[in-house]
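The sequence shown maps to residues 67 to 501 in the working numbering.
Backbone N, C-alpha and C define an ideal beta-carbon position, used for all residues, glycine too.
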Amino acid sequence: MRKLTYILLIFFNISYAQDILTTDMAVKLTLENNLDIKVSENILEISKNNSSILNSDYLPTISATSGINRNQGDVEVKTNQGISAKIDDTYNDENFGSVNIVYNLIDGRGRRYNYKKSKELFNRTELEVKEIIENTLLQLFTVYFDFARLTKEKKILKNTLDISVERLDRVKTKYKFGQSTSLEVSSAEVDKNTDSLNYLNIIKVLSNTKRDLNLIMNVDLETDFKVVEDIDFINEIEAEKFFNMGLNNNTLFQILNKDVEISDLELKAIKSTYLPTVQLRGSYGWNETIDEIAYNPVNEFYSKGISTGVNISIPIFDGGKRITATKNARLNLENSLIQKNKNELEIGKNLRNAYDTYKNNLFLLQIQEKSFKTSKLSFSKFEEKYSLGLVSSLEFRQAQTNLLRAELLFNSSMFETKISELIFLKLSGEIVSNY
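This is how it looks when you write it as structure tokens:
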């Protein structure tokens with residue numbers, strides 16, 4: 067008996083020690099640990115680097131060069147007077163260095179459009195990261211609330227099992243005193259076993275769902291926790307506002323708008339290549355030459371100075387590459403507009419369907435709640451009559467089954483409505499701001 071008490075105390079302490087995992091905590095863990103989100107954040111950082119002023123043509127290029135050359139060999143010298151001489155193994159050293167700067171003063175506004183395009187590509191990547199976060203949060207909440215549903219379902223089935231155990235004990239006692247039949251005892255045992263299996267199955271499913279949730283949060287798969295079982299819904303006014311603004315706030319639709327802007331900037335950048343470019347150049351350099359030849363009147367030469375220049379380039383014909391690029395850019399812009407219009411209709415349809423489904427589920431939830439309350443009241447009356455011996459064990463079981471079915475349907479409907487709300491919030495671009 068002491069051993070059993072000790073085991074029960076340990077189990078109680080473990081259960082009591084489990085942390086409550088709120089939706090805020092689940093979101094925090096997911097944003098910090100989820101690997102898909104981490105990868106997307108790195109991609110965003112790359113896009114940010116690409117959109118920097120350092121990756122544009124607005125800044126000049128500066129370079130430095132230096133070198134040493136030596137020429138070594140035999141030299142033969144012959145003057146006009148017919149005097150000749152030969153010098154073996156002579157050398158000539160040359161040392162030089164320079165610092166060069168090049169700046170594109172005018173480039174037909176091409177760098178302006180390319181720089182704008184890099185900024186819009188960064189904004190697009192931000193939206194893509196937001197889309198990944200939204201999808202991950204939808205997945206997280208779907209599993210989280212499924213875990214909450216199963217937790218409540220476990221309690222419902224445990225309560226049903228307790229009632230069945232009590233009923234079996236009652237029937238056995240009545241049978242012992244000749245007030246019941248063996249058929250009633252067998253029926254009560256079958257019902258108890260059925261409820262036991264249902265309870266064990268829900269425990270297994272609950273354990274699997276817990277691992278699914280831990281996987282999304284990227285924590286240890288066997289981490290134990292409890293979740294908040296009570297849920298609430300956004301009010302009708304908010305839902306209508308989200309629906310009315312849903313298309314413009316939809317992340318995918320915003321990405322499609324960015325695609326149109328980027329394609330337009332790409333076309334403008336290509337058109338700018340038809341215009342002249344002006345390039346400024348400047349350099350500072352020095353050169354030193356040392357000559358060993360004795361007959362050379364100048365044995366050492368040294369020079370230094372600054373040189374500047376302006377290059378003007380006027381594009382005339384490049385073999386047709388610019389013409390081809392311009393045509394393709396126009397087609398890409400046209401495709402972007404087509405994709406936007408096509409997806410606008412589909413996103414609008416999905417948003418409307420999600421909104422209608424959510425409202426319909428709210429209505430069905432009210433019906434299921436009324437049905438559950440009616441079944442609960444009916445069961446209470448049967449329970450009272452059963453304790454007085456006014457109804458049979460089978461009639462009591464039927465009332466119990468009706469209550470179980472109504473309670474499970476109400477529980478399932480409640481969380482199904484919550485999931486439909488989350489899908490609606492995702493499509494209306496509000497799932498991140500509401501959690």
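Run of the beta strand (DSSP E) containing residue i, from where it starts to where it stops
i, result
"L87", "D85 to L87"
"V293", "F291 to V293"
Element boundaries [alpha helix (DSSP H), containing residue i]
i, result
"G414", "K387 to S453"
"V231", "G176 to K242"
"I283", "Note that residue 283 is Met in the sequence shown, not Ile. Element bounds for M283: S248 to M283."
"Q466", "S459 to L493"
"S113", "L101 to N116"
"V498", "Segment: none, V498 is in no alpha helix (DSSP H) and carries neither H nor E."
"T317", "T317 to K337"
"N511", "There is simply no residue 511 to check, as the chain begins at 67 and stops at 501 in what is shown."
Opposing strand residues paired with residue i [DSSP bridges]
i, result
"F367", "T355"
"A130", "V165"
"E160", "N135 and T355"
"L346", "Y169 and V376"
Separation of residue j from residue i, as counted between CA atoms
i, j, result
"E449", "D235", "15 angstroms"
"N264", "A254", "15 angstroms"
"I328", "G351", "43 angstroms"
"N115", "N121", "8 angstroms"
"V105", "E111", "10 angstroms"
"L431", "K307", "22 angstroms"
"N468", "L272", "24 angstroms"
"L331", "K185", "11 angstroms"
"T483", "F243", "50 angstroms"
"E354", "V168", "25 angstroms"
"K221", "I300", "27 angstroms"
"E219", "M311", "36 angstroms"
"F481", "F490", "14 angstroms"
"R177", "A335", "7 angstroms"
"E496", "L204", "11 angstroms"
"T127", "M91", "49 angstroms"
"A130", "G348", "12 angstroms"
"N189", "V376", "37 angstroms"
"L97", "T89", "12 angstroms"
"L341", "V498", "46 angstroms"
"I269", "D212", "13 angstroms"
"L488", "R418", "14 angstroms"
"L470", "K240", "25 angstroms"
"Y421", "N225", "36 angstroms"
"T247", "L454", "18 angstroms"
"L223", "Y501", "31 angstroms"
"G133", "N170", "27 angstroms"
"A305", "T440", "30 angstroms"
"N135", "L346", "29 angstroms"
"L125", "I297", "56 angstroms"
"S338", "I103", "38 angstroms"
"D290", "T275", "12 angstroms"
"N394", "E295", "56 angstroms"
"Q405", "N99", "34 angstroms"
Nearest-angstrom Cβ-Cβ length linking residue i and residue j, presumed shorter than 8 angstroms
i, j, result
"S494", "N201", "No, S494 and N201 are not in contact; Cβ-Cβ is about 14 angstroms, not under 8 angstroms."
"L193", "I321", "5 angstroms"
"V93", "T217", "Actually they do not touch by this definition, with Cβ atoms about 19 angstroms apart."
"S437", "A472", "5 angstroms"
"V344", "I172", "4 angstroms"
"V251", "K238", "6 angstroms"
"D261", "L227", "4 angstroms"
"N284", "L87", "Their Cβ separation, rounded to whole angstroms, is 14 angstroms, which puts N284 and L87 out of contact at 8 angstroms."
"E410", "F319", "7 angstroms"
"N477", "R215", "6 angstroms"
"T317", "K415", "Not confirmed; about 17 angstroms, so no contact."
"S486", "T423", "5 angstroms"
"V165", "I282", "At roughly 56 angstroms, the Cβ-Cβ gap does not stay under 8 angstroms, so V165 and I282 are not in contact."
Distance cut-off 7 angstroms: residue i Cβ against heavy atoms of the ligand GDP
i, result
"I378", "Looking at this structure, you won't find the ligand GDP or any other ligand, since it has none at all."
Review point. Would you say the segment 459 to 469 touches the segment 382 to 400, given that touching needs at least three Cβ pairs under 8 angstroms?
Key: no
ask   = Counting pairs of Cβ atoms below 8 angstroms between the segment 323 to 337 and the segment 392 to 405, do you hit three or more?
value = yes
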